[in-house]
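Report on one structure; see the data block that follows.
Numbering (the working numbering), first residue to last: 7 to 402.
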């Protein structure tokens, strides 16, 4: 008997359901963030930051302040460095798991674990102890406020503004180490283009030794890789490598182990030139007879996890796009248009926060069936309202 060929629309629905993109959910922010394995923090201010757009696409009636409350007031969500040593929001009750699972991921020539180890010295340990002691009576502080309260504003200015590295004091290095380990948490972000972070000692908000929970690194990695597989529904080691920063060669044995444990299943045929795996919890969905296209429209940020690996995206959705992140003038920040389970094009947009105008610089619909889709226009209006725009301007 030949291999069972599954309907691509069914597989797309499995992926989108796993990514919480089929229908907007009334579930809690921490549950949604857990299911999709975190929200990448991105400071690009072209429109609302990536973490807000990602939740707007997934949570019913979402307001930006809801994430701020969950992260900075209730501490149900925590900012930390995880995949590819980028900053993500993860559920606080999973912080230790992510910390142990991602501390050895290398980027820019080192990992958090090696960076911290290379900086170990009695001088630094003493600086960390001193910093914790001297700030124990303070609440949330910005970086400038920290050094002002410690009488080190001049030295900080010389080091950061004038790049005089002779002022790279042990206390400065200790601060960054403590942030990486979670000894300092972000307890707020100030208004402004790049939202300056406000820091606080973890003990001040009720956390004690949460980072040092006894989690075996190997088991943590296995758990996180399984969570990533479940978050996409259908994936492969290369895709997970591109998303996480783990080496593909290190991921393949974990896939083999999970397959032996029947936590994932390998599809019996290639899609394109590769074999893919499905999480066991999603297998029953493969036998759905009707491939439902729900018709709801999502506008996906280019930093959203679902579109970060172009090869995987093209394999399952026959879609690709480009954008320029570092180009100051004419930078393209496309929001991919997802209608039901099809990516049909993108809009390149920006928000003029001063004039309260939501500006569509370009609308590019690849699929002619959706040129006059009223759902796209309605969703753009919803996105403009999410930004509290007073006017939508579309350039022709």
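Quick reminder that beta carbons are idealized off the backbone N, C-alpha and C, glycines included.
Per DSSP, residue i forms a beta bridge with which residues?
i	result
residue 241	283
residue 343	305 and 351
residue 400	366
residue 14	In DSSP, residue 14 forms no bridge with anything.
residue 65	31
residue 270	285
residue 358	363
residue 147	205
Residue i to residue j, Cα distance in whole Å?
i	j	result
residue 16	residue 110	36 angstroms
residue 116	residue 160	31 angstroms
residue 257	residue 49	30 angstroms
residue 262	residue 277	19 angstroms
residue 168	residue 162	9 angstroms
residue 7	residue 398	The predicted position of residue 7 is uncertain, since its pLDDT is 49 and thus under 50; a value taken from the coordinates is nonetheless stated next. Rounded to whole angstroms, residue 7 to residue 398 spans 56 angstroms at the Cα level.
residue 186	residue 255	26 angstroms
residue 127	residue 23	48 angstroms
residue 202	residue 190	15 angstroms
residue 252	residue 118	13 angstroms
residue 423	residue 92	A question about residue 423 goes unanswered here, because the residues of the chain that appear run from 7 up to 402.
residue 428	residue 73	The chain is shown from 7 up to 402; residue 428 falls before or after that span and cannot be answered.
residue 223	residue 120	14 angstroms
residue 180	residue 137	8 angstroms
residue 235	residue 60	19 angstroms
residue 379	residue 30	20 angstroms
residue 188	residue 307	28 angstroms
residue 140	residue 176	14 angstroms
residue 240	residue 146	42 angstroms
residue 282	residue 204	43 angstroms
residue 25	residue 41	7 angstroms
residue 124	residue 86	20 angstroms
residue 340	residue 367	10 angstroms
residue 207	residue 130	18 angstroms
residue 28	residue 228	27 angstroms
residue 342	residue 18	16 angstroms
For residue i, does the count of other Cβ atoms within 10 angstroms reach 16, so buried, or fall short, so exposed?
i	result
residue 346	buried
residue 132	exposed
residue 56	buried
residue 89	buried
residue 196	exposed
residue 285	buried
residue 401	exposed
residue 359	exposed
residue 243	buried
residue 327	buried
residue 62	buried
residue 212	exposed
residue 68	buried
residue 64	buried
residue 226	buried
residue 310	buried
residue 157	exposed
residue 46	buried
Tell me the DSSP secondary structure of residue i in three-state form.
i	result
residue 379	coil
residue 7	Annotation note: pLDDT 49 at residue 7 (below 50); position unreliable, coordinate value reported separately. Note: residue 7 maps to coil in three-state DSSP.
residue 31	strand
residue 311	helix
residue 75	helix
residue 184	helix
residue 385	helix
residue 26	coil
residue 86	strand
residue 374	helix
residue 261	helix
residue 39	helix
residue 96	strand
residue 277	strand
residue 256	helix
residue 325	coil
residue 203	strand
residue 191	strand
residue 172	helix
residue 319	helix
residue 116	strand
residue 137	helix
residue 291	helix
Could you check whether the Cβ of residue i sits closer than 8 angstroms to any heavy atom belonging to the ligand GDP?
i	result
residue 24	Of ligands this structure carries none, so the ligand GDP is not represented either.
### Task
Decide if the stretch 67 to 87 is in contact with the stretch 259 to 279; the criterion is three or more beta carbon pairs, one per stretch, under 8 angstroms apart.
no
### Message
Quick check: the stretch 348 to 364 against the stretch 374 to 389, are at least 3 beta-carbon pairs closer than 8 angstroms?
### Response
yes
### Query
Is the stretch 310 to 321 close to the stretch 240 to 249, with three or more CB pairs under 8 angstroms?
yes
### Query
Counting pairs of Cβ atoms below 8 angstroms between the stretch 300 to 312 and the stretch 380 to 388, do you hit three or more?
yes
### Task
Kindly confirm or deny that the stretch 321 to 331 and the stretch 30 to 41 touch, where touching means at least three C-beta pairs closer than 8 angstroms.
no
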